[in-house]
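Chains A and B are the protein sequences, given in the same order.
For the record, in the first sequence the residue sitting at position 514 is 517 according to the working numbering, with numbers rising by one throughout.
For the record, in the second sequence the residue sitting at position 157 is 310 according to the working numbering, with numbers rising by one throughout.
C-beta atoms are modelled at their ideal positions from N, C-alpha and C, and glycine is treated no differently.
See structure below.
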Amino acid sequence: MATTTLEPRTATYRRSWVLDWLTTVDHKKIGILYIVNSFFFFFAAGILALLIRTELAVPGLQFVDADTYNQAFTMHGTIMLFLFIIPALSGFANYIVPLQLGAPDMAFPRINALSFWLLPLGGLLIFSGYLFGGAAAEGWTGYAPLTDDQFAPGVGTDLWIIGLTLVGTASILGAVNFIATIFKMRAPGMTLFRMPIFVWTVLVTAVLILLATPVLAAGLIALFIDRNYGGSFFDPTVGGNPILWQHIFWFFGHPEVYIVILPAMGVVSEILPVFSRKPLFGYKAFVFATIAIGLLSFSVWAHHMFTTGAVFLPFFSFMTALIGIPTGIKMFNWLGTLWRGKLLLTTAMLFAIGFLSMFLIGGISGVMLASPPIDFHVQDTYFVVAHLHYVFFGGSVFGVFAATYYWFPKMFGRKLNEPLGKVHFWIHFIGFNLAFFPMHQLGLSGMPRRISDYSPDAGWTILNMVSTVGAFMIAVSIIPFLINVIATFINGEPAGDDPWEGNTLEWATTSPPPPYNFDRLPPIHSERPLFFLTHGHGHAAERPDDLEEEGGHKPGDVERRDDDLV
Amino acid sequence: MQAHPAGEEHAPAAAIQHGGSGMPTALLGMLLFIASEVMFFGGLFATYFNARATTSGPWGPPEGAHELDIALAGALTAILVASSFTMQFGVWAIRRGDTGKLKMWTGITLILGVLFLLGQLYDYSQLGFGIADGVFGTTFYTLTGFHGAHVFGGAVGLTIILARTLRGQFSARNHVAVEAVSMYWHFVDVVWIAVFSTIYLLR
């Protein structure tokens with residue numbers, strides 16, 4: 004077949020800047036839209052968190068009434084999970100995965116745009132409850148019967164249902180896109196076991212989204228029918244079963260936990276090798292551990308339901324403990340990577356190491372909660388709140404910030420300021436531990452979650468005050484971050500193509516990359532093609548299978564063109 | 154970027170059309186979407202089985218309402234299963250490049266799909282109980298209703314295929330949209346067989 008050359012077709016016609024961003028189907032622009040959108044929702048949900056912590060600082064109701072408080076923690080949880088962490092990591096995946104695969108774009112660029120634009124729509128619908136007599140107020144888990152039309156008569160819960168269904172649809176479409184991209188768009192030589200770890204984690208995450216999110220959609224629709232059309236799925240007075248909601252919610256909700264953490268693990272696994280100047284220790288073990296977590300995540304949901312008395316405790320306790328094994332393997336992957344590495348403590352690296360330590364604490368409290376005797380005592384206490392914030396915030400959100408500092412130079416061609424970044428990290432890290440570590444003790448001494456007030460005699464006052472101070476420190480730490488981003492846009496240090504001496508293909512193109520991503524691709528003989536490009540092919544020569552695998556792909560070989568479905 | 158040592162560099166075109174071997178990308182996308190739909194119906198079936206298992210009394214339409222019309226539902230099942238065959242005849246036709254046959258079989262499939270939907274609406278009008286009449290009514294209408302909505306979605310897809318066939322957009326080499334819609338249509342058919350067996354036959 005004749006060799007086809009690519010004619011760059013950009014800049015041949017002009018569009019306004021706004022129209023260009025509104026109508027873009029470029030995975031890089033969509034990725035940035037995802038990230039910017041996520042940070043707006045992060046700030047909104049963060050303000051709600053400050054409201055919660057302010058109210059809890061001292062006993063008594065000083066600022067809000069109980070109902071406003073309920074709305075605040077419901078919106079905080081829902082928005083943080085569904086409109087900040089997942090979309091922020093999806094945004095980085097959108098930007099980085101095609102680059103790391105050596106692909107020009109995602110498999111379905113227009114579906115990609117659709118799955119982004121459903122997000123702000125869904126998020127605003129969820130928030131719009133505040134305009135119509137109050138937002139949803141039954142917690143992000145939406146347990147029946149708190150959500151039925153008797154206890155939650157307002158339209159806020161309906162908007163929450165509709166908004167979440169839209170966000171879920173966006174996730175599912177995104178997952179289809181990622182899986183198709185990873186299986187069909189890899190550059191020649193990029194075999195599955197040469198894919199960067201981040202791509203692997205995005206692949207497993209996408210499979211979890213694809214199989215778990217539709218179940219939540221089914222539950223949300225059932226709830227909507229109960230509330231609006233007189234259905235009786237979850238209403239025990241007419242034959243329904245409120246526990247059914249918990250099964251459906253957590254059948255989605257536990258894979259959801261891994262949907263939130265796996266891409267952040269991928270981010271960290273990209274950053275640690277680069278700034279340790281070593282390959283990732285145990286690449287294949289990490290891949291198989293990721294797959295194992297994905298598989299096991301569907302068999303542990305009822306550990307959220309031990310105290311209902313409706314589930315078989317030994318099974319779910321055992322399976323939950325089992326999932327600690329692949330997670331532990333990853334811990335050793337990361338420690339082995341750091342071990343005797345030439346560590347460069349950049350801000351991205353600090354956030355990655357912060358992830359390791361904080362996620363470890365969250366993981367350990369997680370294994371504690373998997374044991375029914377402990378769980379029976381601390382169910383629905385602040386111990387659980389501490390645990391989930393150590394994995395979601397100490398884990399995933401640290402991952403989001405690590406990714407921001409690591410990939411910002413690739414996205415905008417300028418490096419974020421390092422000293423300012425370190426100021427951000429240390430205030431953030433200390434504030435995080437001040438805010439959430441005391442919650443372990445609060446939970447063990449019996450403070451229930453989701454209360455707006457507590458007795459001055461309970462002995463919880465000092466720790467609550469410490470926690471509130473920590474929450475405000477986290478808020479303050481965002482200020483140097485924002486200054487950093489703005490200052491870097493105005494006058495940042497130019498990054499060049501490869502500021503970190505990276506291993507993976509995104510550093511083989513310009514910063515920012517051209518719309519078509521690559522003028523040419525380096526040869527791909529390992530999961531670190533760029534490292535071997537810079538430092539020679541000694542390692543690749545030891546792999547005789549290379550030539551054989553390469554046989555299927557000749558440069559310039561244009562294969563059949565399928566028509567477009569969409 | 155410019156400083157790369159000369160060597161075995163690939164032209165970008167190789168990356169763009171890579172992945173042409175094996176299943177077309179659009180078809181893989183449809184298969185993945187169907188996988189998520191399977192889980193969606195899995196969730197709805199779970200609600201049905203849970204309600205069935207936790208109900209101690211008799212299971213079925215509320216007292217005073219009509220019994221389910223198994224004969225009508227069986228006829229509708231036959232129609233939908235037949236439409237799966239006609240759809241597949243259309244796919245085989247376009248694989249041979251026979252657009253005339255594709256037009257005919259897609260048209261017949263669309264008519265059968267619409268017949269199924271009309272039959273289901275007629276069935277609803279005759280039952281005499283609603284979605285608010287107990288947990289059987291709720292699960293019955295949710296399962297059959299969401300299946301009906303998916304048949305409707307498939308019928309929209311078939312209409313698009315028919316319109317594109319009339320404009321001569323498909324050929325033996327270029328017809329992945331037909332394959333994708335047929336896959337979806339078979340899926341909808343299989344879901345109905347599961348719904349019919351669960352609600353009407355096994356109870």
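Inset, instruction - For chain B, find out if any of its Cβ atoms is closer than 8 Å to the Cβ of PRO217 (chain A); answer yes or no. - result: Residue 217 (chain A) sits at position 214 when you count from the first residue of the first sequence. So yes, PRO217 (chain A) belongs to the interface.
Inset, instruction - Please list the residues of the segment 175 to 194 of chain A that have a C-beta atom closer than 7 Å to any C-beta atom in chain B, keeping them in chain order. - result: ILE175, VAL179, ILE182, ALA183, PHE186, LYS187, MET188, ARG189, ALA190, PRO191
Legend entry - CB contact below 8 Å: LEU354 (chain B) versus chain A: Here residue 354 (chain B) refers to the residue found at position 201 of the second sequence. By this cut-off, LEU354 (chain B) is not an interface position.
Inset, instruction - Could you tell me which chain B residues have their CB closer than 7 Å to the CB of TYR232 (chain A), listed as they occur along the chain? - result: As a working note, residue 232 (chain A) is residue 229 in the first sequence. Near TYR232 (chain A) (Cβ distances below 7 Å), the residues of chain B are ILE284, ALA285.
Legend entry - Residues that DSSP places opposite PRO497 (chain A) in a beta bridge: On the first sequence, position 494 is the one that residue 497 (chain A) refers to. A:ARG417.
Legend entry - Residues of its chain near ALA110 (chain A), where Cβ-Cβ distance is below 7 Å and the 5 sequence neighbours each way are ignored: Here the question's residue 110 (chain A) lines up with position 107 in the first sequence. Cβ neighbours of ALA110 (chain A) beyond the five flanking positions: ASN180, ALA183, THR184, LYS187, MET188.
Inset, instruction - Check whether the Cβ of GLU504 (chain A) lies closer than 8 Å to any Cβ atom in chain B. - result: Against the first sequence, residue 504 (chain A) aligns to sequence position 501. No, GLU504 (chain A) does not count as interfacial toward chain B.
Legend entry - Own chain, CB closer than 8 Å to LEU84 (chain A), minus 5 neighbours either side, in chain order: Here residue 84 (chain A) corresponds to residue number 81 of the first sequence, with the count starting at 1. These residues qualify, in order along the chain: TRP143, GLU259, VAL263, PHE395.
Inset, instruction - Would you kindly report the start and end of the unbroken alpha helix (DSSP H) that includes SER272 (chain A)? - result: The residue labelled residue 272 (chain A) in the question sits at position 269 within the first sequence. First-last of the alpha helix (DSSP H) with SER272 (chain A): 245 to 279.
Inset, instruction - List the whole-angstrom C-beta distance separating LEU283 (chain A) from ASN336 (chain A), where the pair is believed to meet the contact cut-off of C-beta under 8 Å. - result: Taking the first sequence and counting its residues from 1, one reaches residue 283 (chain A) at position 280. Taking the first sequence and counting its residues from 1, one reaches residue 336 (chain A) at position 333. That pair is a contact at about 6 Å.
Legend entry - Rounded Cβ spacing between THR310 (chain A) and GLN249 (chain A) (contact assumed at less than 8 Å): Counting from one through the first sequence, the residue named residue 310 (chain A) turns up at place 307. Counting from one through the first sequence, the residue named residue 249 (chain A) turns up at place 246. With 8 Å as the limit, THR310 (chain A) and GLN249 (chain A) do not qualify as a contact, their Cβ atoms being about 11 Å apart.
Inset, instruction - Spell out whether any CB of chain A is found under 8 Å from the CB atom of LEU197 (chain B). - result: Stepping through the second sequence from its first residue, residue 197 (chain B) is reached at position 44. Chain A contact via Cβ: present.
Inset, instruction - Could you say if the segment 289 to 298 of chain B and the segment 202 to 218 of chain B meet the contact criterion of at least three C-beta pairs nearer than 8 Å? - result: yes
Legend entry - Bridge partners - PRO451 (chain A), DSSP secondary structure assignment: Taking the first sequence and counting its residues from 1, one reaches residue 451 (chain A) at position 448. DSSP lists A:THR384 as partners of PRO451 (chain A).
Legend entry - Under 8 Å between C-beta atoms of TRP33 (chain A) and ALA116 (chain A): The residue given as residue 33 (chain A) occupies position 30 in the first sequence. The residue given as residue 116 (chain A) occupies position 113 in the first sequence. Checking the sequence shown, residue 33 (chain A) turns out to be Ile, not Trp. In this structure, ALA116 (chain A) lies closer than 8 Å to ILE33 (chain A) by Cβ.
Inset, instruction - Report the partner residues of LEU274 (chain B) according to the DSSP bridge assignment. - result: Along the second sequence, read from residue 1 onward, the residue named residue 274 (chain B) stands at position 121. Answer is none; LEU274 (chain B) lacks a bridge partner.
Inset, instruction - Consider the Cβ of ALA228 (chain B): report whether some Cβ of chain A lies at a distance smaller than 8 Å. - result: Here residue 228 (chain B) corresponds to residue number 75 of the second sequence, with the count starting at 1. Output row for ALA228 (chain B): interface = no.
Inset, instruction - Verify whether the separation of the beta carbon atoms of LYS281 (chain A) and PHE196 (chain A) is less than 8 Å. - result: Along the first sequence, one-based indexing puts residue 281 (chain A) at 278. Along the first sequence, one-based indexing puts residue 196 (chain A) at 193. No, they are not a contact pair.
Legend entry - Rounded straight-line distance, which links the Cα of ALA225 (chain A) to that of TYR409 (chain A): Position 406 of the first sequence, counting from 1, holds the residue named residue 409 (chain A). Position 222 of the first sequence, counting from 1, holds the residue named residue 225 (chain A). Going by the C-alpha atoms only, they are around 42 Å apart.
Legend entry - Proximal chain A residues relative to THR208 (chain B), where beta-carbon distance stays under 7 Å: Counted from its first residue, the second sequence places residue 208 (chain B) at position 55. Neighbours of THR208 (chain B) on chain A, chain order: GLY242.
Inset, instruction - Round the Cβ separation of PHE95 (chain A) and ALA478 (chain A) to the nearest angstrom and send it over; I've been treating them as touching at under 8 Å. - result: Position 92 of the first sequence, counted from the start, is the residue given in the question as residue 95 (chain A). Position 475 of the first sequence, counted from the start, is the residue given in the question as residue 478 (chain A). Approximately 23 Å separates the beta-carbon atoms of PHE95 (chain A) and ALA478 (chain A); this is outside 8 Å, ruling out the contact.
Inset, instruction - Buried or exposed for LYS418 (chain A), please, with buried defined as at least 16 other CB atoms from any protein chain shown within 10 angstroms of its CB. - result: Within the first sequence, residue 418 (chain A) is the residue found at index 415, counting from 1. Under this definition LYS418 (chain A) is a buried residue.
Inset, instruction - Could you list which residues in chain A have their beta carbon closer than 9 Å to that of PHE293 (chain B), in chain order? - result: One-based indexing of the second sequence puts residue 293 (chain B) at position 140. The premise fails here: PHE293 (chain B) is roughly 11 Å from chain A at the closest Cβ pair, so nothing lies under 9 Å.
Legend entry - For VAL290 (chain A) and PHE278 (chain A), the rounded distance between their alpha carbons: Counting from 1 along the first sequence, the entry for residue 278 (chain A) is found at position 275. Counting from 1 along the first sequence, the entry for residue 290 (chain A) is found at position 287. When rounded, the distance between both Cα atoms is 20 Å.
Inset, instruction - Indicate whether at least one CB of chain B lies closer than 8 Å to the CB of LEU247 (chain A). - result: For this step, residue 247 (chain A) is matched to residue 244 along the first sequence. Yes, LEU247 (chain A) lies at the interface with chain B (some Cβ there is under 8 Å from its Cβ).
Legend entry - At least 3 beta-carbon pairs within less than 8 Å: the segment 354 to 363 of chain A vs the segment 422 to 437 of chain A: yes
Legend entry - the segment 209 to 225 of chain B in contact with the segment 266 to 286 of chain B per 3-pair CB rule at 8 Å: yes
Legend entry - Close Cβ partners of VAL348 (chain B) (< 8 Å) along its chain, the five nearest in sequence each way excluded: As a position in the second sequence, residue 348 (chain B) is number 195, starting the count at 1. Non-local beta-carbon contacts of VAL348 (chain B) in its own chain, meaning distances under 8 Å to residues more than five positions away in sequence, involve LEU296, THR297, HIS300 in chain order.
Legend entry - Short CB-CB distance (under 8 Å) between VAL288 (chain B) and chain A: Residue mapping note: residue 288 (chain B) aligns to position 135 of the second sequence, counting from 1. With 8 Å as the cut-off, VAL288 (chain B) counts as an interface residue toward chain A.
Legend entry - Buried or exposed by the 16-neighbour rule on C-beta atoms within 10 Å, applied to PHE340 (chain B): Along the second sequence, one-based indexing puts residue 340 (chain B) at 187. Classification of PHE340 (chain B): buried, given that the 10 Å Cβ count is 16 or more.
Legend entry - For LEU423 (chain A), three-class secondary structure by DSSP: One-based indexing of the first sequence puts residue 423 (chain A) at position 420. Three-state DSSP puts LEU423 (chain A) in a helix.
Inset, instruction - Return helix, strand or coil for LEU524 (chain A), following the three-state DSSP convention. - result: Numbered from 1 along the first sequence, position 521 holds the residue referred to as residue 524 (chain A). It is a strand residue.
Legend entry - Cβ distance (whole Å) where LEU104 (chain A) is taken to contact ALA190 (chain A) below 8 Å: Walking along the first sequence from the start, residue 104 (chain A) turns up at place 101. Walking along the first sequence from the start, residue 190 (chain A) turns up at place 187. Confirmed, about 6 Å.
Legend entry - Buried or exposed by the 16-neighbour rule on C-beta atoms within 10 Å, applied to TRP20 (chain A): Within the first sequence, the letter at position 17 stands for residue 20 (chain A). By the neighbour-count rule (16 or more Cβ atoms within 10 Å), TRP20 (chain A) is not buried but exposed.
Legend entry - Per-residue burial, GLY541 (chain A) [other beta carbons within 10 Å of its own, 16 or more giving buried]: Here residue 541 (chain A) corresponds to residue number 538 of the first sequence, with the count starting at 1. Only weak support exists for where GLY541 (chain A) lies, its pLDDT of 48 falling under 50; the coordinates are left without a value.
Inset, instruction - State yes or no: is the C-beta of LEU176 (chain A) nearer than 7 Å to some heavy atom of the ligand FMN? - result: This structure simply doesn't include the ligand FMN, nor any ligand for that matter.
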